[in-house]
Ligand SMILES: [Fe+2]
């Protein structure tokens with residue numbers, strides 16, 4: 001199984017540039033790279049901030065930008081998104097019974113759960129009691145390993161400019177996740193940076209944005225500074241032993257150089 005994760009596309013309406021460029025161009029570059037190298041992926045999970053300001057025209061441009069993407073796509077909400085505008089352009093999107101853009105599916109031995117952590121009007125994430133109850137029911141119905149996708153990270157990343165904007169009630173989820181009898185792996189966006197670690201025994205990963213990144217300033221508090229550091233996406237490879245996550249840049253000049261060292265010097269016991 002192969003899962004692609006990319007995040008924080010921040011697509012704008014027509015003629016709406018962001019930091020001087022069009023985020024749709026960067027999405028197209030990402031789509032081309034995925035198609036060229038990972039057309040065999042089972043899914044592409046887009047972990048929110050699909051648009052920059054939730055405009056309907058931006059979702060229409062997103063739809064255009066994803067038309068050529070070969071693997072099936074799963075779309076999630078971030079704090080920059082609007083559920084009504086999203087649903088007007090993606091009426092087929094799966095929701096729970098309460099209308100939140102969250103759902104779950106089984107792939108092999110794994111349960112993939114997509115959370116909707118958008119709290120309208122707020123930059124931080126929040127999982128209300130109804131959504132939390134839905135999560136509890138999902139976990140209770142499946143005993144195998146889980147990949148839990150959410151726009152907002154649950155852990156603090158020791159990164160002050162974004163930590164105050166993470167999922168604010170993550171402690172409410174912790175006992176639910178810890179009670180699951182198999183490993184639960186957490187995958188998020190929002191921070192516009194690749195990071196990985198362990199939070200209360202749970203493995204977590206965050207990924208870059210497809211458009212812009214946040215500077216790694218570990219002292220700064222308040223709003224993060226945006227940059228055009230190289231964008232990347234995650235390639236998640238689950239197997240019977242666990243999973244591996246690779247981080248793949250795109251939008252670079254794809255030259256290849258064969259290894260030219262002394263192969264006789266390479267030894268393996
Ligand atoms: Fe974002």
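Numbering (the UniProt record's numbering), first residue to last: 1 to 269.
Glycine included, C-beta positions come from ideal geometry on N, C-alpha and C.
Small disclaimer: the values here were computed from a predicted structure and weren't measured.
Going by DSSP, what residue range makes up the alpha helix (DSSP H) through residue 87? Where residue 87 is concerned, the enclosing alpha helix (DSSP H) stretches over 83 to 89.
Could you name each continuous beta strand (DSSP E) segment of 3 residues or more that falls completely within the segment 94 to 182, going from the start of the chain to the end? Here the runs fully enclosed are 103 to 107, 110 to 114 and 146 to 150.
Where the alpha helix (DSSP H) through residue 23 begins and ends: 23 to 38
Residue 233 (DSSP reduced to helix, strand or coil): Three-state DSSP puts residue 233 in a strand.
Can you tell me the Cα-Cα spacing of residue 51 and residue 181, whole angstroms? 36 Å
With a threshold of 6 Å (Cβ to nearest heavy atom), would residue 8 be considered close to ligand 1? yes
Do residue 190 and residue 151 have their C-beta atoms within less than 7 Å of each other? yes
Report the option in 139, 130 and 217 whose CA atom is closest to the CA atom of residue 179. 139
Just checking residue 49 against ligand 1 - is the residue's beta carbon closer than 6 Å to any of the ligand's heavy atoms? Under cutoff, so the answer is yes.
Residues bridged to residue 74 [DSSP beta-bridge criterion]: 45
Taking the alpha carbon of residue 124 as the point to measure from, which residue in 59, 146 and 167 has its own alpha carbon closest? 167
Rounded separation between residue 143 and residue 137 - CA only: 12 Å
Cβ neighbour criterion (16 or more within 10 Å) applied to residue 23: buried
Here's the rule I'm using: 16 or more other beta-carbon atoms within 10 Å means buried, otherwise exposed. How should residue 269 be labelled? exposed
Candidates 156, 163 and 48: closest to residue 5 by CA position: Nearest C-alpha to residue 5: 48.
In angstroms with no decimal places, state the Cα-to-Cα distance between residue 94 and residue 266. Between the C-alpha atoms of residue 94 and residue 266 there is a straight-line separation of about 51 Å.
Identify the residues that DSSP records as bridge partners of residue 202: which are they? Residue 202 pairs with 199.
Given a threshold of 16 other Cβ atoms within 10 Å of its Cβ, counted over all protein chains shown, does residue 238 qualify as buried or as exposed? buried
Along the chain, where does the beta strand (DSSP E) containing residue 242 start, and where does it finish? 242 to 249
To which residues of the same chain is residue 70 closer than 6 Å at the C-beta, ignoring the five residues directly before and after it? Setting aside the 5 residues that flank it on each side, residue 70 is surrounded in the same chain by 35 and 39, each with a C-beta closer than 6 Å to its C-beta; the list follows chain order.
Are there 16 or more other CB atoms within 10 angstroms of the CB of residue 217, so buried, or fewer, so exposed? exposed
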